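For the sequence shown, my numbering gives the first residue as 1, with consecutive numbering after it. A virtual CB, placed ideally from N, CA and C, is assigned to each residue, including glycine. This structure is a prediction, so every number in the text was calculated from the model and none was measured. In what follows, a single structure is set out as structure tokens and then discussed.
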Amino acid sequence: MSRTPDARARDTQTKQIQESITHVEKHFGELCQLFAAYVRKTARLRDKADVLVREISLYADTETPNLKNGLKNFADQLAKIQDYRQAEVERLEAKVVEPLKAYGTVVKMKRADLKLTQSARNREAKQMQQLERMRQRNPSDRQIISQAESELQRATMDATRTTRQLEETIDVFEKQKIHDIKKIFGEFVTVEMMFHAKALEVYTTAYQHIQNVDEEGDLEVFRSTLHPPDYQSRLEIVRANSKTSLNRTGTSMSKSDTLQSRTPKAQRKRDEEDEEDDEEEDEDEDDDLEDVTDDEH
1 MSRTPDARAR DTQTKQIQES ITHVEKHFGE LCQLFAAYVR KTARLRDKAD VLVREISLYA
61 DTETPNLKNG LKNFADQLAK IQDYRQAEVE RLEAKVVEPL KAYGTVVKMK RADLKLTQSA
121 RNREAKQMQQ LERMRQRNPS DRQIISQAES ELQRATMDAT RTTRQLEETI DVFEKQKIHD
181 IKKIFGEFVT VEMMFHAKAL EVYTTAYQHI QNVDEEGDLE VFRSTLHPPD YQSRLEIVRA
241 NSKTSLNRTG TSMSKSDTLQ SRTPKAQRKR DEEDEEDDEE EDEDEDDDLE DVTDDEH
């Protein structure tokens, strides 16, 4: 005895329901794993950004005042973004990952319902085969055949009831699945939009802080560290001493030139006086000679 058209229709229906459940089980599982990985990556990005904030703060302590202040404010804003990122991680975990994970239990329940319906279908098919064998072996035993027909009728009614229940359950399941998909993906987008909107505001403030650094002011501070005030004082003293030494050297050279210019004049005067003395001595000697000559005569 072949399956009735109604039984074949129920088999086709069950097969479609089974495929639908299988698709949900497979793809929801993949989505759950991927969203969970996305959340973990976001959490690791938050951790790396925290390390970056600490490094910026440490570096800022070594810099000139204006740059230090700008870097500190920049790091504060970057840290604030990580607070928003932490909220993003928590919301994604609660509103996306957990609902997808919950579908693992939902799918198991639907598979149990499907298995119950399939068992009823199998009992119906078994009773149908048994009735067919009895009709072939004992076609005249109406009592046994009637009993087998009653068993088949009960099995068919049970299969029909469980199939109707499965249809209702799967209908609710499909409706809930569509609603949940819309909600889960909508929550994902909402969480991401909230984070990026807040992050954009904070990034704008961070950008302003770093752009407001007074470059010329910090450059002057840096230059002053290369030439501190005591260095300038010492440099001025050295320059003053050098100038004084040069002045003294010039004065000494002037005096030396004056002495040198005066010395020839005095020498010439003394030479003239000596010459006059020599001439007087010569005249005296001539007079003496004249006197001697006169005496001899």
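What are the boundary residues of the alpha helix (DSSP H) that includes residue i?
i, result
"K95", "Note, K95: premise wrong, no alpha helix (DSSP H); not H, not E."
"Q63", "The displayed chain sequence assigns Glu, not Gln, to residue 63. Counting along the chain, E63 falls outside any alpha helix (DSSP H), and DSSP gives it neither H nor E."
Tell me whether residue i sits in a helix, a strand or coil according to DSSP, three-state version.
i, result
"S140", "coil"
"D214", "coil"
"R8", "helix"
"H23", "helix"
"H227", "coil"
"A266", "Caution is warranted here: a pLDDT of 49 is assigned to A266, below 50, making its placement in the model unreliable, and the coordinate value is therefore given only provisionally. Of the three classes helix, strand and coil, the one that applies to A266 here is helix, per DSSP."
For residue i and residue j, which I take to be in contact (beta-carbon distance under 8 Å), what is that distance rounded to the nearest angstrom?
i, j, result
"D113", "T169", "5 Å"
"K70", "I210", "In the sequence as presented, Lys is not what sits at residue 70; that position holds Gly. Confirmed, about 5 Å."
"D50", "Q18", "At roughly 48 Å, the Cβ-Cβ gap does not stay under 8 Å, so D50 and Q18 are not in contact."
"D218", "L67", "5 Å"
"L131", "A159", "15 Å between Cβ atoms; not a contact."
"L92", "V191", "6 Å"
Do the stretch 161–170 and the stretch 7–24 touch if we need at least three Cβ pairs shorter than 8 Å?
The answer is yes - the stretch 7–24 touches the stretch 161–170, with three or more Cβ pairs under 8 Å.
Determine contact between the stretch 186–204 and the stretch 74–94, defined as no fewer than three beta-carbon pairs at a distance below 8 Å.
yes
Are there three or more Cβ pairs, one per stretch, closer than 8 Å when the stretch 204–211 is compared with the stretch 66–86?
Touching, per the Cβ criterion.
Contact between the stretch 183–191 and the stretch 55–65 is defined here as three or more beta-carbon pairs at a separation below 8 Å; is this criterion met?
Touching, no.
Any contact of the stretch 90–103 with the stretch 24–36, i.e. 3+ C-beta pairs under 8 Å?
By the Cβ test, the stretch 90–103 is in contact with the stretch 24–36, since at least three Cβ pairs between them sit closer than 8 Å.
Given 8 Å, three or more beta-carbon pairs between the stretch 146–158 and the stretch 117–129:
Three or more beta-carbon pairs drawn from the stretch 146–158 and the stretch 117–129 are found closer than 8 Å, and the two stretches are therefore classed as touching.
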